[in-house]
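Everything in the sequence shown is counted per the working numbering, starting at 10 for the first residue and increasing by one.
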Amino acid sequence: MLAFNQSGCIDHPPLLFLHGILGAKEDWEQVISLLENAFHCIAIDLPGHGISPFSLPLEETVAEVLDHLQIQKCGLIGYSLGGRLALNLKRANTKRFPRPVLISTNPGIAVHEKKQRKQTDQDWAEKLDTLSIKDFLALWYAQPVFRSLHQRPDLLIQIIERRSQVRKEEVSYFLSHFSVADQQIYYPDDALFLCGKEDLKYADLYRTLPLPVESAEIEGAGHVLHLENPEACAFKIRSWFIT
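Okay, here's the thing in structure tokens:
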């Protein structure tokens with residue numbers, strides 16, 4: 010079974026947190042500390058990340074944790090790759106996962122973009138296979154989508170230190186076999202798409218989401234908004250699930 014942490018009272022509404030590529034369940038600690046008084050928070054290490062063993066299929070391994078905890082209905086919060094995994098879980102069992110929060114999550118790309126994106130993800134996987142983790146992370150966080158992190162060097166250093174412990178072979182598999190090029194475009198009409206205002210790529214994307222899909226932007230944050238502004242991120246999550 011996947012490794013997971015629990016916080017808050019088990020009698021409170023459950024929320025499941027899914028981290029992004031290279032991440033771990035500890036990425037959610039600051040956000041969860043602001044929510045655990047009102048929710049039963051579960052953060053997992055995705056397969057091949059943190060201390061979780063690698064296992065497939067991804068969706069079943071995640072659902073197994075909820076089955077183990079005897080949770081039949083659960084709020085989902087997913088970041089980036091974790092958000093795309095949340096979309097798959099939502100599509101497979103809509104009633105079990107009402108009102109997901111999708112943070113910096115790509116809901117799918119047009120057909121004409123798929124070939125190039127697939128190649129890009131494969132190129133990143135090859136870089137991870139061949140470069141040192143230090144050199145790979147330097148290239149990874151030089152991507153324009155992480156621009157705001159470079160204005161906060163202390164946080165960037167902290168993130169890179171966390172990521173330096175990843176299991177390269179298993180994360181490489183994720184990069185090459187869980188590409189956004191392989192997913193169908195999906196906008197759940199009860200979802201909240203959340204992005205940092207400084208993440209220009211996703212801010213522009215979310216402004217074009219079809220109604221009635223909702224989106225929101227968080228000030229003072231970019232792509233990694235749950236680490237850049239955990240207080241505002243937690244506030245949005247709390248407001249979304251407490252109506």
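Virtual Cβ for every residue (Gly too), placed ideally from N, Cα, C.
Boundaries of the beta strand (DSSP E) around Q15: 13 to 16. With fewer than 16 neighbouring CB atoms inside 10 Å of its own CB, Y195 falls in the exposed class. Approximately 7 angstroms separates the beta-carbon atoms of L55 and L27; this is inside 8 angstroms, confirming the contact. Closest option to I251, judged by alpha-carbon separation, among E38, N46, E35, A33: N46. Assignment of P23 by DSSP, reduced to helix, strand and coil, places it in the strand class. Leaving aside the five residues that flank A243 on each side, the residues in its chain whose CB is nearer than 7 angstroms to its CB run, in chain order, V40, L43, L44.
In the structure shown, G91 falls within a helical segment according to DSSP collapsed to helix, strand and coil. Selection F13, V175, P22, G57 evaluated against W249 yields P22 as nearest (Cα-Cα). Our two residues, Q193 and L65, have alpha carbons roughly 19 angstroms apart in a direct line.
Burial check for A72: the Cβ neighbour count within 10 Å reaches 16 or more, so the residue is buried. The three-state reading of DSSP puts A52 in strand, counting E and B together. For A230 against N238, the beta-carbon gap comes to about 4 angstroms, under 8 angstroms, which counts as contact.
As the crow flies, the alpha-carbon of A241 is around 14 angstroms from that of E38. Judged by pairs of C-beta atoms under 8 angstroms, the region 80 to 91 touches the region 100 to 110, as three or more such pairs exist. When the five nearest sequence neighbours on each side are left out, the beta carbons in the same chain lying within less than 6 angstroms of the beta carbon of Q131 are those of S185, in order along the chain.
If you ignore the 5 residues before and after P219, its C-beta comes within less than 7 angstroms of the C-beta of Y196, all in its own chain and listed in chain order. Around W133, the same chain offers L184 as residues with beta carbons nearer than 6 angstroms, after the five sequence neighbours per side are excluded. Closest in alpha carbon position to S89, among V233, H159, K245, is V233. The beta carbon of F145 lies closer than 6 angstroms to those of K136, L137 in the same chain, with the five residues before and after it left out. The C-alpha of S16 lies about 12 angstroms from the C-alpha of K34. A distance below 6 angstroms between beta-carbons, with the five flanking residues on each side excluded, links I19 to the following residues of its chain, in chain order: H49.
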